[in-house]
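Working notes, structure below.
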Amino acid sequence: MLAIVGSLILLSVIWLRYGTSLPMRYRARKCEGAQWRSAFPQATKDDILEFLSLFSSAFAFRDSEKPKFKPSDRVWEIYRDLYPDPWGADAMELATLTKDLNTKHGVVLGEIWSEKLRLGTYSPMYSVPALEYQRISAWFFVTGTSQASIES
78 MLAIVGSLIL
88 LSVIWLRYGT
98 SLPMRYRARK
108 CEGAQWRSAF
118 PQATKDDILE
128 FLSLFSSAFA
138 FRDSEKPKFK
148 PSDRVWEIYR
158 DLYPDPWGAD
168 AMELATLTKD
178 LNTKHGVVLG
188 EIWSEKLRLG
198 TYSPMYSVPA
208 LEYQRISAWF
218 FVTGTSQASI
228 ES
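The working numbering runs 77 ahead of the 1-based position in the sequence shown.
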């Protein structure tokens with residue numbers, strides 16, 4: 078019995094030290110801040126980090142993992158990397174993201190949602206009012222381009 082408890086404690090320590098909720102394809106990435114600054118030159122570093130914090134928080138990623146996302150990363154692909162089984166239960170990440178974007182930035186994600194939606198498509202780093210932002214975001218969604226025509 079003591080061996081089982083010891084093994085569970087050891088596995089927990091190893092997971093806390095080395096485990097991550099971040100999908101494998103993003104783990105090896107370095108900071109992608111340069112891509113964000115290039116895509117959104119009018120945004121400050123704090124603006125970018127605030128948006129990435131909102132996204133990372135909704136998906137329960139570690140704060141240290143937020144710089145690993147690119148503006149060209151697709152939200153649905155990140156979600157599917159976390160939950161490859163379409164019938165499996167999730168932790169309501171998309172619902173949380175939807176609520177947080179609406180509360181913080183007035184963005185109605187449901188109006189611009191697509192499986193092709195990229196992080197950079199709806200980043201609230203425009204220097205325009207919220208209603209204009211939603212109209213622009215909807216246009217980018219319909220045309221399949223992002224704010225800076227980012228394609229992976």
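Built from N, CA and C at the ideal position, the CB exists for glycine as well.
Is it buried or exposed for residue i, if we count other Cβ within 10 angstroms and need 16 for buried?
i, result
"K143", "buried"
"F180", "Note on residue identity: the sequence assigns Thr, not Phe, to residue 180. Burial call: exposed."
"K122", "exposed"
"I230", "The chain is shown only over 78 to 229; residue 230 falls outside these bounds and no answer can be derived."
"D167", "exposed"
"P163", "exposed"
"V205", "Low local confidence applies: a pLDDT of 35 at V205 is under 50, so the model's placement there is unreliable, with the coordinate-based value given in what follows. Exposed, since its Cβ has fewer than 16 Cβ neighbours within 10 Å."
"P148", "buried"
"A170", "With the sequence shown as reference, residue 170 is identified as Glu, and Ala is not the correct amino acid for it. Label assigned to E170: buried."
Start and end of the alpha helix (DSSP H) containing residue i?
i, result
"V152", "152–159"
"S115", "110–116"
"L186", "186–189"
"F132", "122–135"
"D162", "It is not in any alpha helix (DSSP H) - D162 carries neither H nor E in the DSSP assignment."
Can you tell me the Cα-Cα spacing of residue i and residue j, whole angstroms?
i, j, result
"P161", "L196", "20 Å"
"C108", "M78", "44 Å"
"R106", "K145", "6 Å"
"G165", "E188", "25 Å"
"A207", "W190", "Any answer about A207 is weak, because its pLDDT of 41 lies below 50 and its placement is not dependable; what the coordinates show is given next. Cα to Cα, the separation comes out at about 17 Å."
"L235", "R114", "No answer is possible for residue 235: it lies beyond the span of the chain, which begins at 78 and ends at 229."
"L126", "F138", "14 Å"
"I155", "I81", "35 Å"
"R151", "D158", "11 Å"
Which partner residues does residue i have in the DSSP bridge list?
i, result
"R195", "R151"
Using a threshold of 7 Å, is the CB atom of residue i nearer than that to any non-hydrogen atom of the ligand ADP?
i, result
"R139", "Among the ligands in the structure shown, none appear at all, so the ligand ADP cannot be discussed."
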